[in-house]
Amino acid sequence: DKLKTSELWSKAIEGNGFLLEQLPQEMQSRELCLQAVKRSPEALEYVIDKFKTQDLCIEAVKGGGYSLKYVPDQFKTYSLCEIAVNNDATALRFVPVQFITLDMCINAVMRDSNVFSDVPDNFKTYEMCMEAVKTNGFALEFVPARFKNLEICVEAMKQDREAIIYIPKEITSEQTFQNLIIKMLMM
């Protein structure tokens with residue numbers, strides 16, 4: 005009877021790895037956890053600690069970078085984080101600060117400009133900030149003050165006029181800025 009139940013769970017998890025959440029913990033096995041993670045990488049969240057190994061975490065991250073969120077810190081390495089971010093740029097928010105590199109940030113932002121807000125300020129470059137606001141004017145909110153100049157602010161406004169709320173007063177009060185805005189509004 006126990007074997008039959010285990011086979012039923014195996015079939016169910018084969019179709020949907022997230023069903024691991026419903027499986028009683030005492031019924032989890034290394035094999036069922038691996039099967040669940042291969043099917044649905046983020047099912048790693050429901051794997052009990054006893055079966056959450058380095059190898060299983062690698063398997064999850066290779067299948068879906070966002071699953072890095074559920075990898076215990078002791079299993080996070082630079083290479084695992086790199087795999088995760090290359091697989092899914094949004095995984096950048098789960099990378100421990102000691103493993104973040106400029107290249108990792110640039111690659112993540114190039115693939116998904118929405119992760120710009122997850123890039124630590126010390127890794128933001130002027131070029132990265134410019135590209136981010138060209139794609140999403142509201143990214144101006146996350147541009148460090150040292151890069152908020154007339155050029156970047158105007159680019160943000162071209163993308164979305166409501167980005168004006170993130171433009172410093174010293175720039176909005178410049179005559180050059182005001183003239184550019186008037187031109188934009190007349191277009």
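Position one of the sequence shown corresponds to residue 5 (our numbering), numbered consecutively onward. Glycine is no exception: its CB is placed at the ideal position from the N, C-alpha and C atoms.
query	result
Between the CA atoms of Asn140 and Gln26 - distance to the nearest angstrom	40 Å
Terminal residues of the alpha helix (DSSP H) in which Asn90 lies	Tyr82 to Asn91
Delimiting residues of the alpha helix (DSSP H) encompassing Ala160	Leu154 to Gln163
Val119 and Glu135 closer than 8 Å at C-beta	no
Span of the alpha helix (DSSP H), counted from its first residue to its last, around Thr139	Tyr130 to Thr139
With 16 other Cβ atoms within 10 Å as the buried cut-off, status of Glu11	exposed
Nearest neighbour of Ser33, chosen from Gly67, Glu46, Gly19 and Leu60 [CA to CA]	Leu60
Anticipated Cβ contact below 8 Å, Gly67 with Asp92, distance rounded	About 10 Å; that fails the 8 Å criterion.
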